[in-house]
Structures are given as structure tokens and as C-alpha cells.
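What follows is one structure encoded as C-alpha cells, with my remarks underneath.
Below you can see the structure in the form of C-alpha cells.
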């Protein structure tokens, strides 16, 4: 969000007042009633709000590679159940690949699962697509940006190495196994 605000000429700390309103539907309602100027919401909520007359101001996925979701687990789980963790990684990679290669079928699945119109499901996937990392890996610079962003609200000053927070070993193994399976 802060990267998007900066790209549009705003100082995220000076020009914006942040309020936690709870459920994102409350944020949309606050915009509709004029209590706030804008709200942050996850898809498909912005698309629904747009159909109700509001305007989408931006998609954070277009301004920075920042994971919308990541797989996280404990070091203990990685050590004690590596096959399980690798299976989750493999399934996630297969899911992203399936969506990209089978958009129409993915739209139908999302529409059915979330009870959305096909148009809304398609637009949701199209807006999410820029945030997907096909190989599951962010660059070191992207990971550092995530680390720095997460440190601020916690008032952490310690520098963390990428290797302190990310372990791509099982992801690399999943890629090797997938390549061997083809």
C-alpha cells in the first residue's frame, strides 16, 4: 500500500490517516457514507464495491512484488515433517500453474466456490495475477522489502538476513522433483 501511495505522489506517513475499521465491508460502508475517503479491501470486495458505484483507485499488485500470501511454518515442522511441507509447496505451485494455464476453468471453479458471477470471478483472477510468483520465489531485494515493511510496526531495529526468515530448500527440491516428473 505504501509503495502504491508513494508512486501516486503521497507521503504514506504524512498524507494518509490510517484507521482500523475491522471487517472490510465496514470500510466500504464508511466510503459510501463519506466517513472516510478510501478503504483497503481484498478481492473480490473492490469489484463488488465498483458495481455499487465506487471507484477502484489502484491494485497494490501493480506497484510492488509483495506476496499476497506466503507459506509459512515453524523450523520444527520443516525438520520433523519435510515431506508434508514440500507437498504443500508442490500443491501451491501446481495451483498457480493450473490457474494460469486454465483460466476459463479456474473462473468457473472460483465462481462456484465463492458464489460469484463469472465476470466477477474472472476480474478477480485478472487482478490477482500480477501478485503470483510462478516459481514461488521472490528476489532477495523483494524479500528485504517485506522484512523492512514488517519491522516498522513492531519497532524492530535489528537487521535480519534473508536467510534468517526464508528457507527455499524445500521449494528448490519441489522444483527439481517436478522437473524430473515431466
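Residue numbers (the numbering used here): 226 to 407. Cβ atoms here follow ideal geometry from the backbone N, Cα and C, with glycine treated the same way.
The beta carbons of residue 274 and residue 261 sit no closer together than 8 Å.
For residue 272 against residue 349, the beta-carbon gap comes to about 6 Å, under 8 Å, which counts as contact. In the three-state reduction of the DSSP assignment, residue 314 falls in the helix class, which pools H, G and I. The alpha carbon of residue 239 has as its nearest neighbour, out of 227, 368, 245, the alpha carbon of 227. Comparing C-alpha distances from residue 280 to each of 231, 332, 257 shows the shortest one belongs to 257.
Just so you know, the alpha carbons of residue 327 and residue 337 end up roughly 16 Å apart. Between the alpha carbons of residue 332 and residue 321 lies a distance of about 13 Å. Where residue 246 is concerned, there is no enclosing alpha helix (DSSP H), because DSSP gives it neither an H nor an E. Taking C-beta atoms under 8 Å as the contact rule, residue 317 and residue 361 qualify, at a distance of about 7 Å. Per the C-alpha coordinates, the member of 231, 356, 265 positioned closest to residue 245 is 265. Taken atom to atom, the span from the alpha-carbon of residue 298 to that of residue 401 is near 21 Å. At a Cβ-Cβ threshold of 8 Å, residue 232 and residue 288 count as neighbours.
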